[in-house]
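Undergrad:
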Amino acid sequence: MPPAVLQVPSAHDVELTAYRWDPAGTPRGIVQLTHGMGEHLLRYEPLAGALTAAGFVVIGQDHRGHGASAQGEWGALGEGGWDELVRDIGRVSDVARQDFPDLPLVLLGHSMGSFAAQQYVLDHSDELAGLVLTGTAVLDLLEPALDLDQPLDLSAFNAPFEHRTGYEWLSRDTAQVDAYVADERCGFGLSDVDGRQMFASARQVADPGRLAGLRKDLPVWIPVGEHDPVNGQLALVHPLVQRLTDAGLTDVTLVVYPEARHEVFNETNRDEVVADLLAWLDRVVPPAA
Numbered sequence: 003m004p005p006a007v008l009q010v011p012s013a014h015d016v017e018l019t020a021y022r023w024d025p026a027g028t029p030r031g032i033v034q035l036t037h038g039m040g041e042h043l044l045r046y047e048p049l050a051g052a053l054t055a056a057g058f059v060v061i062g063q064d065h066r067g068h069g070a071s072a073q074g075e076w077g078a079l080g081e082g083g084w085d086e087l088v089r090d091i092g093r094v095s096d097v098a099r100q101d102f103p104d105l106p107l108v109l110l111g112h113s114m115g116s117f118a119a120q121q122y123v124l125d126h127s128d129e130l131a132g133l134v135l136t137g138t139a140v141l142d143l144l145e146p147a148l149d150l151d152q153p154l155d156l157s158a159f160n161a162p163f164e165h166r167t168g169y170e171w172l173s174r175d176t177a178q179v180d181a182y183v184a185d186e187r188c189g190f191g192l193s194d195v196d197g198r199q200m201f202a203s204a205r206q207v208a209d210p211g212r213l214a215g216l217r218k219d220l221p222v223w224i225p226v227g228e229h230d231p232v233n234g235q236l237a238l239v240h241p242l243v244q245r246l247t248d249a250g251l252t253d254v255t256l257v258v259y260p261e262a263r264h265e266v267f268n269e270t271n272r273d274e275v276v277a278d279l280l281a282w283l284d285r286v287v288p289p290a291a
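Counting from 3, one number per residue, gives the positions in the sequence shown under this note's numbering.
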């Protein structure tokens, strides 16, 4: 079923386009999606279908500068920039809770959306039933590998792979890569100004003092590809797990999919990844007896 299309007011006269998929029966929880850089939320429609079939309301927005929320140049976040993108997560959560105030909410962030989720959760862990971070890394350790004086160039991540389209780093599934390349709403980076703000703002995620404020029993699931260049072939994801556990979190699970690349929900083994997500959700948000 097509999603309901919602308009969510944000700061500085930005209006976000959000989407909501509802399950057929009584919902058991909410999964809020935050997508990555240079893409849009409707790419997650197959995942939303699996989640609604399991009884979840699924909601998320096209980030400012992305998809139907873009105003002008792709990747330009506008006034307030990165910090407003992070606050937008809360604005969309509030919309979801207006209709479902008593349902537990799990936040699922991919790539840039996972960096925003890492920052958002510093102040909102008590509001979440769980956190999923995919295509993720520790942003402060990724920064030295990028030229922040230029707009962020996603194709730079393709260096370890045989070049066909420039986006082989996303997935081993060539059909998924070709669909991404053909989609005019995909394939761009943030402006240089917004990219620098993202890295500057996200450094607080490396601050032990800020991390110490996280709810200790917050369940966190981190499914990543072994060959994802964003996590430096895992060198930039193990420190994330270590920081969370050092902060006292007691329920942090890292799952590494052998040979998988950046978009694990669009990988050749995506059925396995979705099944693992649903099994984790069954533990975190158990179905009604």
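Idealized CB from N, CA, C, for every residue including glycine.
Go ahead and pull the three-state DSSP assignment for S8.
TA: Looking at the sequence provided, one finds Leu at residue 8 rather than Ser. Looking at L8 - three-state DSSP - the assignment turns out to be strand.
Undergrad: Are there 16 or more other CB atoms within 10 angstroms of the CB of R166, so buried, or fewer, so exposed?
TA: exposed
Undergrad: Considering only C-alpha positions, which residue in the set R263, G227, E129 is nearest to L256?
TA: G227
Undergrad: CA-CA distance, D104 and R198?
TA: 38 Å
Undergrad: Taking DSSP's pairing of strands, which residues face V226 in a bridge?
TA: In DSSP, V226 forms a bridge with V258.
Undergrad: How would you call M3, buried or exposed, if buried means at least 16 neighbouring beta carbons within 10 angstroms?
TA: exposed
Undergrad: Sort R245, W171, R285, P289 by Cα distance to E261 and report the nearest one.
TA: Per the Cα distances, W171.
Undergrad: Give the straight-line distance between the Cα atoms of V60 and D24, rounded to the nearest whole angstrom.
TA: 7 Å
Undergrad: Please list the segments of the alpha helix (DSSP H) lying wholly inside the stretch 85-138, counting only runs of 4 or more residues, in order along the chain.
TA: 114-126
Undergrad: Taking one C-beta from the stretch 17-34 and one from the stretch 245-252 each time, how about it: are there three or more such pairs within less than 8 Å?
TA: no
Undergrad: Taking all protein chains shown into account, do 16 or more other C-beta atoms lie within 10 angstroms of the C-beta of E269, making it buried, or fewer, making it exposed?
TA: buried
Undergrad: DSSP state of A214, grouped into three classes?
TA: coil
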